[in-house]
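Residue numbers (the numbering used here), protein chains in the order written: chain D, 301 to 417; chain R, 110 to 226. Don't be surprised by glycine CBs; every beta carbon is placed ideally from N, CA and C. Just so it is clear, the structure is predicted and the values come from calculations on it, not from any experiment. The block underneath contains the structure these notes are about, expressed in structure tokens.
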């Protein structure tokens with residue numbers, strides 16, 4: 301069964317500090333991996349997306365890494381800001397070979413990050 | 110460009126009542142999806158559509174029906190609401206069904222919070 305496990309479940313950090321969120325997956329075959337940010341009461345918004353051939357990808361203060369061999373990804377947030385307080389969701393995509401060109405997304409449960417002043 | 114719009118944003122139903130959630134997208138996306146998000150769980154796919162006039166079951170379809178009469182709209186119906194359907198519902202759309210970056214990739218709405226009492 302395809303699974304995506306995220307850790308930690310929740311995290312509290314001081315404003316200005318760095319943090320790293322982890323994502324381990326067992327999805328196979330693998331198409332790509334995306335990190336989403338979900339503010340409270342809002343829908344998920346994409347931060348980065350990586351294919352199996354990409355090792356790292358940055359979006360401002362957010363840097364995602366991917367190790368397709370060990371099936372692990374991390375999201376590093378640099379110089380955190382209060383606005384970074386949100387849930388961060390790791391999503392892994394796999395083709396379903398259903399003939400309709402559809403892909404199956406497996407969502408992690410998310411890491412709830414709180415940045416405090 | 111509104112992206113994906115969900116209505117209503119909040120709703121309280123009594124057990125046994127029916128309702129329809131509306132999702133509208135203006136990005137000319139072929140694929141549309143309905144997910145539910147529950148505390149401590151990742152997003153789970155309820156139903157999806159790969160084009161106008163088509164629908165298919167996702168991971169948790171029981172108790173829900175959908176229709177895609179127009180390409181831009183995807184409706185989620187609850188015929189007889191149950192407390193177990195208390196959740197936050199997200200609609201998403203994509204151009205090809207593949208998780209890709211940019212405007213062709215997944216775009217989520219802001220959610221509908223449904224409480225069934």
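Each residue's CA atom was taken as its position, placing residue 207(R) and residue 158(R) some 13 Å apart. Distance between residue 148(R) and residue 369(D), taken at the CA atoms: about 31 Å. Taking the Cβ atoms as the reference, residue 130(R) lies roughly 15 Å from residue 178(R), outside the contact range of under 8 Å.
Residues of the same chain with a CB within less than 6 Å of the CB of residue 406(D), apart from the 5 flanking positions on each side, are 302, 304, 327 and 392 in chain order. Beta-bridge partners assigned by DSSP to residue 201(R): 142(R) and 217(R). For residue 141(R), there are no C-beta contacts with chain D under 8 Å, since the nearest C-beta of that chain is about 12 Å from it. Cβ proximity to chain D below 7 Å picks out 159 from the region 153 to 173 of chain R.
Around the C-beta of residue 332(D), 16 or more other C-beta atoms lie within 10 Å, and the residue is accordingly described as buried.
Taking 8 Å as the threshold, the shortest C-beta distance from residue 196(R) to chain D does not fall below it. The criterion of a C-beta distance shorter than 8 Å is not satisfied by residue 121(R) and residue 209(R).
Between residue 343(D) and residue 218(R), the CB-CB gap stays under 8 Å.
In the structure shown, residue 393(D) adopts extended strand secondary structure according to DSSP, grouped into three states. A Cβ-Cβ distance of about 5 Å is found for the pair residue 189(R) and residue 125(R), placing them in contact under the 8 Å criterion. Going by DSSP, residue 369(D) is part of no beta strand (DSSP E) at all; its letter is neither H nor E. A residue is called buried once 16 or more other Cβ atoms fall within 10 Å of its Cβ, and residue 141(R) is buried on that count. Look at residue 178(R) here: in three-state DSSP terms it is coil, with no helix or strand label. Going by C-alpha positions, residue 408(D) is about 8 Å away from residue 323(D). As a beta-bridge residue in DSSP terms, residue 113(R) pairs with 134(R). In this structure, the alpha-carbon of residue 146(R) lies about 10 Å from that of residue 221(R).
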